[in-house]
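Novice:
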Amino acid sequence: MILSLDLDSEVPIYQQIRNQIVEAIASGALGEGSSLPSTRQLAVDLGINFHTVNKAYDLLRREGLLRINRKSGAMVQRDARTGPPEPGFTDEWETRLRTLLAEAVAHGVGDPAVLDSCGCVLTSFTSSALATRGADHGADQGDSAS
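The C-terminal position of the sequence shown is numbered 146 in full-length UniProt numbering, with every residue numbered one higher than the one before it.
Structural data, given as structure tokens:
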């Protein structure tokens, strides 16, 4: 997983890290059980304060996407294959979605464009995840042939 930060963005760095990890999970690049770098290592790699990485990891933990253990570090706790979302997730997600859709409407983005954008983004995650699973499955088959 490669993270890229925009230090000039209005989006806080911890939020950029969080968002990119969520996208990596959604696309299948990170699956359940995948290890993440330690907060200190990722901070060094990105040239930022480790408290910033810690804040991103803690947010992901509270959202139920990461499991953090002092000895084993941070690991992805769930992905799309883990099963249905935790109770309450959908309500909270719909609240955030409502705000995003309100922004689009406020800026004059029409219904067809909004629906098309949503479909394209969702397809990008599902097709990436399928490709990743296919590559993993092919690798598994190759391993078993040895």
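C-beta: ideal position from N, C-alpha, C; glycine also.
(1) Less than 7 angstroms between the C-beta atoms of A29 and M1, yes or no?
(2) Which residue comes first and which comes last in the alpha helix (DSSP H) that contains I21?
(3) Roughly how many angstroms separate the alpha carbons of Q15 and P84, rounded to a whole number?
(4) List the DSSP bridge partners of A74.
(5) Between V114 and A104, how many whole angstroms is the CB-CB distance? I'm expecting something under 8 angstroms.
(6) Got a sec? Which residues, its chain only, sit under 7 angstroms from I17 by beta carbon, not counting five neighbours each side?
(7) Do A61 and I68 have their C-beta atoms closer together than 7 angstroms?
(8) Within 10 Å of its beta-carbon, does D95 have 16 or more other beta-carbons around it, so buried, or fewer, so exposed?
(9) To the nearest angstrom, report how far apart P37 and R81 are at their CA atoms.
(10) How big is the Cα-Cα spacing for C120 and E23?
(11) Do you know how far the Cα of L65 is from the Cα of R40?
(12) DSSP state of S35, grouped into three classes?
Specialist: Quick look at the numbers:
(1) Counting from 1 along the sequence shown, the entry for residue 29 is found at position 29. Counting from 1 along the sequence shown, the entry for residue 1 is found at position 1. Contact: yes.
(2) Counting from 1 along the sequence shown, the entry for residue 21 is found at position 21. It spans I13 to S27 - the alpha helix (DSSP H) in which I21 sits, taken as one unbroken run.
(3) Numbered from its first residue, the sequence shown carries residue 15 at position 15. Numbered from its first residue, the sequence shown carries residue 84 at position 84. Taking the straight line joining both Cα atoms gives about 24 angstroms.
(4) As a first step, residue 74 is located in the sequence shown; it is residue number 74 there, counting from the start. For A74, the beta-bridge partners assigned by DSSP are I68.
(5) By one-based count along the sequence shown, residue 114 stands at place 114. By one-based count along the sequence shown, residue 104 stands at place 104. Indeed they touch by this definition, with Cβ atoms about 5 angstroms apart.
(6) In the sequence shown, residue 17 corresponds to position 17, counting from 1. Closer than 7 angstroms at the Cβ level, and outside the excluded window around I17, lie L3, V53 and A56.
(7) Here residue 61 refers to the residue found at position 61 of the sequence shown. Here residue 68 refers to the residue found at position 68 of the sequence shown. In the sequence on display, residue 61 carries Arg and not Ala. Against a cut-off of 7 angstroms, the Cβ pair of I68 and R61 comes out as a contact.
(8) As a position in the sequence shown, residue 95 is number 95, starting the count at 1. Looking at the sequence itself, residue 95 is Thr, so the reference to Asp does not match. Exposed, since its Cβ has fewer than 16 Cβ neighbours within 10 Å.
(9) Residue mapping note: residue 37 aligns to position 37 of the sequence shown, counting from 1. Residue mapping note: residue 81 aligns to position 81 of the sequence shown, counting from 1. P37 and R81: Cα-Cα distance of roughly 22 angstroms.
(10) Indexing the sequence shown from 1 puts residue 120 at position 120. Indexing the sequence shown from 1 puts residue 23 at position 23. About 14 angstroms.
(11) For the purposes of this step, residue 40 is taken as residue 40 along the sequence shown, with counting starting at 1. For the purposes of this step, residue 65 is taken as residue 65 along the sequence shown, with counting starting at 1. Each residue's CA atom was taken as its position, placing R40 and L65 some 20 angstroms apart.
(12) Indexing the sequence shown from 1 puts residue 35 at position 35. Reduced to three states, the DSSP call for S35 is strand.
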